[in-house]
Amino acid sequence: MTPPENGRRPGADPPGPDDFVATRDETLDAVVGFARSLRAAGVQVPANAAVEATRALTVVGRTDKSAVRAAMRATLLSRREDIETFEDRFERFWRELRAAGREPPAVLEDLADAADPPGAGLPAGADAADPAADPSSGERDEGAESDDADRESSRPAGFASATDEGTTGEGATVEGATVERARYSPSGGSETVSRSVTLDRYDLAEPVARLTDALGTLPGRRRERSGNGRFVDARRALRASFQTGGVVPSLPEADRTDTDVRGVVLVDVSQSVLDSIDREFLLEWLRLLVESWRSTRVFFFDTDVREVTDAFDERTVEDVTDALAGAEASWGGGTRIGHALATLRREAPEAVDRRTVVTVVSDGLERGDVADLETSAAWIGRRARLFLWLNPLAKSPVYEPTARGMAAALPAVDGLFAFAGPADVTELARQLERNDRTRLGYRYDPRRSGGADEPSSTDSTATIRT
Amino acid sequence: MGEDTEPTDDAAAGSGVDGASDASPRRDAAGESDQFADLTEADLRETFERADYVAEDDIVTTVLLALRLGKPLLVEGEPGAGKTELAKVLAAGLGEELVRLQCYEGLAAENALYEWNYTKQLLAVQASESGVTEDSDATGDGSGRGESVFSEEFLLERPLLRALRAGGDAPPVLLIDEVDRADEEFEALLLEVLSDFQVSVPELGTVRAPTPPVVVITSNRTRALSDALKRRCLYLYVEPPTFEKEREIVRRKVPELDAVVAAELCGVTRRLREEPLLKRPGVAETLDLARGVAALGADRDDRISREKLRTLLGTVLKEAEDVERVDEALLDDLVAAAGEAREAVAEIDGGEAVTDSDGVEPAERTAGDTDDPT
Numbered sequence: 019m020t021p022p023e024n025g026r027r028p029g030a031d032p033p034g035p036d037d038f039v040a041t042r043d044e045t046l047d048a049v050v051g052f053a054r055s056l057r058a059a060g061v062q063v064p065a066n067a068a069v070e071a072t073r074a075l076t077v078v079g080r081t082d083k084s085a086v087r088a089a090m091r092a093t094l095l096s097r098r099e100d101i102e103t104f105e106d107r108f109e110r111f112w113r114e115l116r117a118a119g120r121e122p123p124a125v126l127e128d129l130a131d132a133a134d135p136p137g138a139g140l141p142a143g144a145d146a147a148d149p150a151a152d153p154s155s156g157e158r159d160e161g162a163e164s165d166d167a168d169r170e171s172s173r174p175a176g177f178a179s180a181t182d183e184g185t186t187g188e189g190a191t192v193e194g195a196t197v198e199r200a201r202y203s204p205s206g207g208s209e210t211v212s213r214s215v216t217l218d219r220y221d222l223a224e225p226v227a228r229l230t231d232a233l234g235t236l237p238g239r240r241r242e243r244s245g246n247g248r249f250v251d252a253r254r255a256l257r258a259s260f261q262t263g264g265v266v267p268s269l270p271e272a273d274r275t276d277t278d279v280r281g282v283v284l285v286d287v288s289q290s291v292l293d294s295i296d297r298e299f300l301l302e303w304l305r306l307l308v309e310s311w312r313s314t315r316v317f318f319f320d321t322d323v324r325e326v327t328d329a330f331d332e333r334t335v336e337d338v339t340d341a342l343a344g345a346e347a348s349w350g351g352g353t354r355i356g357h358a359l360a361t362l363r364r365e366a367p368e369a370v371d372r373r374t375v376v377t378v379v380s381d382g383l384e385r386g387d388v389a390d391l392e393t394s395a396a397w398i399g400r401r402a403r404l405f406l407w408l409n410p411l412a413k414s415p416v417y418e419p420t421a422r423g424m425a426a427a428l429p430a431v432d433g434l435f436a437f438a439g440p441a442d443v444t445e446l447a448r449q450l451e452r453n454d455r456t457r458l459g460y461r462y463d464p465r466r467s468g469g470a471d472e473p474s475s476t477d478s479t480a481t482i483r484t
Numbered sequence: 099m100g101e102d103t104e105p106t107d108d109a110a111a112g113s114g115v116d117g118a119s120d121a122s123p124r125r126d127a128a129g130e131s132d133q134f135a136d137l138t139e140a141d142l143r144e145t146f147e148r149a150d151y152v153a154e155d156d157i158v159t160t161v162l163l164a165l166r167l168g169k170p171l172l173v174e175g176e177p178g179a180g181k182t183e184l185a186k187v188l189a190a191g192l193g194e195e196l197v198r199l200q201c202y203e204g205l206a207a208e209n210a211l212y213e214w215n216y217t218k219q220l221l222a223v224q225a226s227e228s229g230v231t232e233d234s235d236a237t238g239d240g241s242g243r244g245e246s247v248f249s250e251e252f253l254l255e256r257p258l259l260r261a262l263r264a265g266g267d268a269p270p271v272l273l274i275d276e277v278d279r280a281d282e283e284f285e286a287l288l289l290e291v292l293s294d295f296q297v298s299v300p301e302l303g304t305v306r307a308p309t310p311p312v313v314v315i316t317s318n319r320t321r322a323l324s325d326a327l328k329r330r331c332l333y334l335y336v337e338p339p340t341f342e343k344e345r346e347i348v349r350r351k352v353p354e355l356d357a358v359v360a361a362e363l364c365g366v367t368r369r370l371r372e373e374p375l376l377k378r379p380g381v382a383e384t385l386d387l388a389r390g391v392a393a394l395g396a397d398r399d400d401r402i403s404r405e406k407l408r409t410l411l412g413t414v415l416k417e418a419e420d421v422e423r424v425d426e427a428l429l430d431d432l433v434a435a436a437g438e439a440r441e442a443v444a445e446i447d448g449g450e451a452v453t454d455s456d457g458v459e460p461a462e463r464t465a466g467d468t469d470d471p472t
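So the sequence lines, in the order shown, correspond to chains G and A. Take the first sequence: its letters are residues 19 to 484, numbered as in my numbering. Take the second sequence: its letters are residues 99 to 472, numbered as in my numbering.
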């Protein structure tokens with residue numbers, strides 16, 4: 019009774035008997051790809067689900083959208099929580115299935131996404147934000163250009179110019195506008211990291227090196243004098259013995275200095291953050307951290323958390339982007355910071371210990387439960403060596419952490435910093451080098467105090483401290 | 099079936115297992131059941147229609163898939179969404195027996211699979227002191243002395259085994275109700291049954307279903323089910339019904355009630371669901387309320403009053419705290435919501451709704467209606 023190869027029920031719309039066979043590969047690709055993308059989005063897709071889904075398609079056919087939807091739901095899902103994610107992605111799958119993998123639209127869309135990454139995920143309802151978005155992106159490009167220029171000149175001058183830029187009146191109004199524009203990320207609708215994001219290049223090597231030196235949480239190779247170290251300092255003992263005629267009165271000891279860093283970086287990749295930070299800069303910064311710290315774990319989160327450390331094990335940002343795309347990492351969804359931190363606490367508590375620097379990159383515009391965020395942030399604050407919060411919105415000179423998510427997390431955070439470009443990384447390193455953990459944060463950023471600090475004075479502070 | 103029983107096992111030879119000996123399980127290599135190969139979506143929809151079960155398209159498609167692919171159907175949803183009813187309707191519609199296994203904490207294999215009737219065994223042994231041997235490998239030499247106490251006669255079938263053996267032309271519908279209440283050990287037992295549709299009884303041999311039963315598993319999501327179990331099932335989440343769907347259900351299940359009054363009541367429960375109640379009223383509660391109103395007698399032009407609503411609250415709210423929560427203000431709101439729903443429906447349907455509800459013949463299954471969708 020079972021119909022031959024394509025066991026379609028007799029009553030279904032007949033899409034031609036060979037239809038399924040003819041497009042079998044494309045259908046398989048579409049189904050498997052759909053299952054993978056659901057999995058990547060955190061949906062619990064059973065292991066054999068793609069097979070079952072394809073079998074289900076042979077029963078219901080491929081022409082009736084609601085039947086295909088029901089079949090996919092029945093086979094790919096196993097939890098109620100996943101239905102929303104499923105619905106978000108189903109349209110795309112449907113297009114792919116209809117196109118049977120051959121039509122160009124999906125490809126064209128990808129290209130369009132790549133060409134205009136920041137706005138790509140914005141819903142149509144965000145029209146009001148568009149005029150404001152332009153100046154901000156213009157401003158960002160300008161910043162990037164000036165950074166390019168800085169690289170050719172000397173570092174202090176670059177720092178001064180960045181400071182100037184931040185304190186001019188014009189800059190302030192633009193920044194102010196940016197802050198007012200800050201909006202919560204729309205839930206869902208994250209996009210896969212596109213393969214071809216290539217904009218500007220950032221020279222972050224030096225700021226990150228300074229940052230690494232300043233952070234130091236793990237013993238490295240270098241040794242320093244110590245009262246009760248693990249090693250005998252033979253060289254010092256020999257030199258001291260000259261004064262006492264070859265007798266060694268006391269053994270000087272040494273221990274390893276903390277020069278290596280263990281870190282956990284949690285990056286908020288929700289739409290609101292991606293709109294206010296340059297992706298290239300963010301990826302380069304993360305790549306360098308993974309490269310130069312002893313052990314770094316990188317997590318992306320929007321409405322869900324996924325570890326993407328492996329993708330950063332590459333030499334260039336292009337490779338990182340490719341690796342992220344290969345791993346089907348996605349970004350640009352809504353924001354559930356509390357959920358992300360709680361997940362980290364629940365699923366990878368070993369990632370955070372007293373030698374770990376925990377860095378959160380987020381605007382603090384929480385859409386989930388603030389109480390969650392508060393508890394989890396407190397847990398990290400207690401447990402980690404240092405808890406830094408890098409907020410792209412804090413680049414504005416008038417920024418105050420009033421967003422309810424940010425306000426909830428703030429008591430647990432050791433330092434809240436601006437984070438929008440290399441200058442901010444430099445500033446972060448500078449403050450950490452002062453080795454004064456009680457005076458960390460955006461408040462102590464000299465660029466912020468509305469011109470009270472002369473650029474030259476900051477400059478000199480930085481140099482002296484270095 | 100011969101290859102399934104132990105060669106030495108003459109007890110099994112005379113058992114119900116034998117009845118199906120020639121019919122090897124009717125599933126091909128891919129596991130697809132050809133039992134329902136000619137079943138179409140339209141047929142299934144008609145089945146649901148006949149049983150007055152209001153099913154959305156996705157429910158019909160998913161059930162069809164479960165039947166066609168021969169996979170168990172895992173149904174989740176709010177209490178009162180009609181999960182159990184789905185299995186009942188399916189059994190009635192396909193003309194098959196419904197074997198129901200209600201799960202509870204501590205449910206063990208002997209309550210789900212089979213048990214030996216110990217008392218009877220004991221009596222049998224005592225009755226014919228030396229006449230009955232205890233082991234099952236007696237040769238049965240015809241003298242009547244070789245009878246085993248581990249034979250069909252002493253076997254108490256429990257739902258799972260019954261479902262496996264009840265085969266024949268029409269496989270039964272096996273309803274495993276509220277599986278989330280059972281322990282995880284029980285889930286492991288289910289895995290064996292659901293993947294091969296066979297069960298090993300050491301004294302009798304392996305019992306395999308001649309035609310695999312249609313399995314419907316329901317869960318109220320009080321705990322997460324194991325991945326292994328979920329992987330073997332098709333998943334169906336029954337959405338809480340929309341206002342329209344609920345109205346339709348009430349109209350079909352309580353046909354004696356006027357359509358406008360039914361709409362009113364749906365408006366009341368819809369409003370109640372917005373409250374943070376301990377136990378939100380499901381469709382079953384709406385039906386209870388509707389039957390209550392019908393029993394008290396309701397006229398089409400008779401708007402629901404606060405007093406009447408207060409007396410009927412017990413049909414909808416099942417927690418003392420929830421009943422207490424309904425104060426005067428909320429009661430006013432409920433009456434207002436009822437009025438709103440009444441007007442909306444009266445506007446849309448006009449007089450048509452009346453003829454409509456009158457057109458429906460009195461429910462044939464009024465007896466079955468009383469215990470439904472939970």
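Beta carbons: idealized from backbone N, C-alpha and C, even for Gly.
Pick from the options that is closest to residue i, judged by C-alpha positions
i: A:Asp267; options: A:Leu192, A:Leu221 and A:Lys218; result: A:Leu192
i: A:Ala189; options: A:Leu370, A:Ala149 and A:Thr160; result: A:Ala149
i: G:Arg385; options: G:Leu229, G:Asp82 and G:Arg354; result: G:Arg354
i: A:Thr316; options: A:Gly180, A:Ala153, A:Ala418 and A:Ala360; result: A:Gly180
i: A:Arg389; options: A:Ile347, A:Ser403 and A:Pro170; result: A:Ile347
i: A:Thr309; options: A:Asp156, A:Ala396, A:Leu163 and A:Gly168; result: A:Gly168
i: A:Leu429; options: A:Phe134, A:Glu405, A:Leu220 and A:Gln200; result: A:Glu405
i: A:Glu362; options: A:Leu137, A:Ala261, A:Ala442 and A:Val312; result: A:Ala442
i: A:Asp399; options: A:Arg321, A:Arg408 and A:Ala360; result: A:Ala360
i: A:Val277; options: A:Pro300, A:Leu258 and A:Asn318; result: A:Asn318
i: G:Ser55; options: G:Gly79, G:Ala85 and G:Leu95; result: G:Leu95
i: G:Leu18; options: G:Gly382, G:Glu392 and G:Thr393; result: No answer is possible for residue 18 of chain G: it lies beyond the span of chain G, which begins at 19 and ends at 484.
i: A:Glu250; options: A:Leu292, A:Ala225, A:Pro300 and A:Gln224; result: A:Pro300
Residue-level contact to chain G via CB, residue i, 7 Å cutoff
i: A:Leu333; result: First, the amino acid is wrong: residue 333 of chain A is Tyr here, not Leu. Interface residue, yes.
i: A:Thr304; result: no
i: A:Asn318; result: no
i: A:Lys181; result: no
i: A:Asp156; result: yes
i: A:Lys328; result: yes
i: A:Leu165; result: no
i: A:Thr160; result: yes
Residue-level contact to chain A via CB, residue i, 7 Å cutoff
i: G:Val376; result: no
i: G:Pro419; result: no
i: G:Pro64; result: yes
i: G:Leu95; result: yes
i: G:Ala436; result: no
i: G:Arg401; result: no
i: G:Ala485; result: Because chain G is modelled from 19 through 484, residue 485 of chain G falls outside the range shown and cannot be assessed.
i: G:Ala223; result: no
i: G:Ala53; result: no
C-beta atoms of residue i and residue j nearer than 7 Å
i: A:Leu376; j: A:Asp420; result: yes
i: A:Arg349; j: A:Ala357; result: yes
i: G:Ser486; j: G:Pro440; result: The structure shown does not extend to residue 486 of chain G, since chain G spans only 19 to 484, so no value can be given for it.
i: G:Phe330; j: G:Val287; result: no
- Message: Does the structure place the stretch 396–404 of chain G close enough to the stretch 288–306 of chain G that three or more beta carbon pairs sit under 8 Å?
- Response: Judged by pairs of C-beta atoms under 8 Å, the stretch 288–306 of chain G does not touch the stretch 396–404 of chain G, as fewer than three such pairs exist.
- Counting Cβ pairs, one atom from each stretch, are 3 or more of them under 8 Å apart for the stretch 327–337 of chain A and the stretch 375–391 of chain A? Not touching, per the Cβ criterion.
- Item | the stretch 192–207 of chain A / the stretch 277–292 of chain A touching (three or more Cβ pairs under 8 Å) | In short, these stretches touch, since the Cβ pair count reaches three.
- Task: Please determine if the stretch 134–145 of chain A and the stretch 42–49 of chain G are in contact, where contact requires at least 3 C-beta pairs separated by less than 8 Å.
- Result: By the criterion of at least three beta-carbon pairs nearer than 8 Å, the stretch 134–145 of chain A is not in contact with the stretch 42–49 of chain G.
- Item | Cβ contact (3+ pairs, closer than 8 Å) linking the stretch 276–287 of chain G and the stretch 303–320 of chain G | Contact holds between the stretch 276–287 of chain G and the stretch 303–320 of chain G, because three or more Cβ pairs, one in each stretch, are under 8 Å apart.
- Would you be able to state if there are at least three C-beta pairs under 8 Å between the stretch 454–468 of chain G and the stretch 239–251 of chain G? Under the three-pair Cβ rule at 8 Å, the stretch 239–251 of chain G does not count as touching the stretch 454–468 of chain G.
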